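**Student:**
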Amino acid sequence: MIVALDFDGVVCDALLECAAVTWYAGHLDHCIPALSDAVKALPPDYVERFRSVRSYSRTLADFMVANHTESPVRNRHEFDDVRAAIPTQALDAQAAIGEQIRTRWRSGDYTSWIAHHTLYPGVAEVIAGAPHDIVIVSAKDSASISAILTHHALSGAVSAIHGSCTDKNEVLSRLVEAEPVLFIDDSLANVMAAESLALSAVWAEWGYHTAEDVSLAQSAGTTSIALDDIGDITSSTYQSVT
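Sequential numbering from 2 applies to the sequence shown in the working numbering.
1) First and last residue of the beta strand (DSSP E) that includes Ser201?
2) Between which residues of its own chain and Asp14 is the CB-CB distance below 6 Å, once the five residues before and five after are set aside?
3) Taking the straight line between their C-alpha atoms, what separation do you get for Pro88 and Ala190?
4) Who are the Cβ neighbours of Pro132 in its own chain at under 8 Å, not counting the five residues just before and after it?
5) Please list, in chain order, all residues of the same chain as Ala26 whose beta carbon is under 8 Å from its beta carbon, the five residues on each side excluded.
6) Output the distance between the C-alpha atoms of Val192 and Arg175, rounded to the nearest integer angstrom.
7) Between the C-alpha atoms of His163 and Pro44, what's the straight-line distance to the nearest angstrom?
8) Could you check if Ser139 is buried or exposed, using at least 16 other CB atoms within 10 Å of its CB as the buried criterion?
9) CB Val177 to CB Ala5, shorter than 7 Å?
10) Kindly indicate which three-state DSSP category Cys166 falls into: helix, strand or coil?
11) Within the same chain, show all residues whose beta-carbon is closer than 7 Å to that of Asn170, passing over the 5 residues directly before and after it, in chain order.
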């Protein structure tokens with residue numbers, strides 16, 4: 002069996018690094034300082050705005066919605082409206098700049114950069130001890146994921162990294178051709194999309210979500226797990242859904 006894990010929001014939390022990457026990608030008129038200084042310089046109201054956008058985001062381009070609203074988004078409908086009003090090319094351009102900023106911090110300010118990435122409790126032990134192949138399927142870039150895993154001595158425990166995914170189903174559909182797949186993501190939208198494939202899709206109750214997501218998951222009958230249960234589900238022989 003393959004256990005396919007999302008990264009940010011399931012394995013790792015990097016809210017302030019992501020907020021800083023997004024802010025400076027949209028504010029190139031500002032000097033880009035070292036990451037620790039950049040995080041301290043973030044306007045408090047922007048952090049709250051980004052946090053609200055983060056809960057509805059599936060890609061780095063989605064993060065950039067935080068640069069185009071003056072207040073936190075209150076629900077998915079509002080997020081979708083704001084995003085739809087922004088040209089896709091503009092969001093993609095800011096996301097590309099964000100990738101460059103992240104690379105700059107990761108390469109030139111590594112100690113600070115890695116310190117802004119925290120693994121969720123118990124997840125490292127689960128990855129290291131899982132009896133199945135662990136694969137990362139994430140919108141985060143592969144170089145960053147690899148660096149974080151290496152820092153935590155987990156690179157050898159992960160069979161493959163599929164980074165910068167804008168459509169996770171493309172990767173998952175290939176994985177499921179080889180053997181049964183258990184997919185875990187904190188994005189309910191990603192999980193519900195994956196339910197169309199012949200695999201087991203499970204919603205992570207930690208990470209980033211909203212009260213809307215909780216209600217929708219319950220009404221849709223989506224399988225979910227708490228952080229404390231991730232070791233049990235990844236060590237079991239999970240049956241794929243057809």
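Yeah, the Cβ is synthetic: ideal placement off N, Cα and C, and Gly gets one too.
If you're wondering where the values come from, they're calculated on a predicted model, not measured in any experiment.
**Tutor:** In short:
1) Within the sequence shown, numbered from 1, the residue matching residue 201 stands at position 200. Counting along the chain, the unbroken beta strand (DSSP E) around Ser201 starts and ends at Ser201 to Ala205.
2) Within the sequence shown, numbered from 1, the residue matching residue 14 stands at position 13. Taking Asp14 as the centre and dropping the five residues before and after it, the same chain places the C-beta of Thr119 closer than 6 Å to its C-beta, in chain order.
3) Reading the sequence shown from its first residue, position 87 is the one you call residue 88. Reading the sequence shown from its first residue, position 189 is the one you call residue 190. Here the C-alpha atom of Pro88 lies approximately 22 Å from the C-alpha atom of Ala190.
4) The count along the sequence shown starts at 1 and reaches residue 132 at position 131. Same-chain partners within the cutoff: Ser236.
5) Taking the sequence shown and counting its residues from 1, one reaches residue 26 at position 25. So the list reads Met65, Asn68, Gln95, Ala96, Ile98, Gly99 and Ile102, once near-sequence residues are dropped.
6) Taking the sequence shown and counting its residues from 1, the one referred to as residue 192 is at position 191. Taking the sequence shown and counting its residues from 1, the one referred to as residue 175 is at position 174. Taking C-alpha positions only, Val192 is separated from Arg175 by approximately 16 Å.
7) Residue 163 sits at position 162 when you count from the first residue of the sequence shown. Residue 44 sits at position 43 when you count from the first residue of the sequence shown. Looking at the two C-alpha atoms, the distance is approximately 33 Å.
8) Position 138 of the sequence shown, counting from 1, holds the residue named residue 139. Buried, because 16 or more other Cβ atoms sit within 10 Å of the Cβ of Ser139.
9) Position 176 of the sequence shown, counted from the start, is the residue given in the question as residue 177. Position 4 of the sequence shown, counted from the start, is the residue given in the question as residue 5. The Cβ atoms of Val177 and Ala5 lie no closer than 7 Å to each other.
10) As a first step, residue 166 must be located in the sequence shown, where it is residue number 165. Of the three classes helix, strand and coil, the one that applies to Cys166 here is coil, per DSSP.
11) Counting from one through the sequence shown, the residue named residue 170 turns up at place 169. Cβ neighbours of Asn170 beyond the five flanking positions: Ala194, Ala195 and Leu198.
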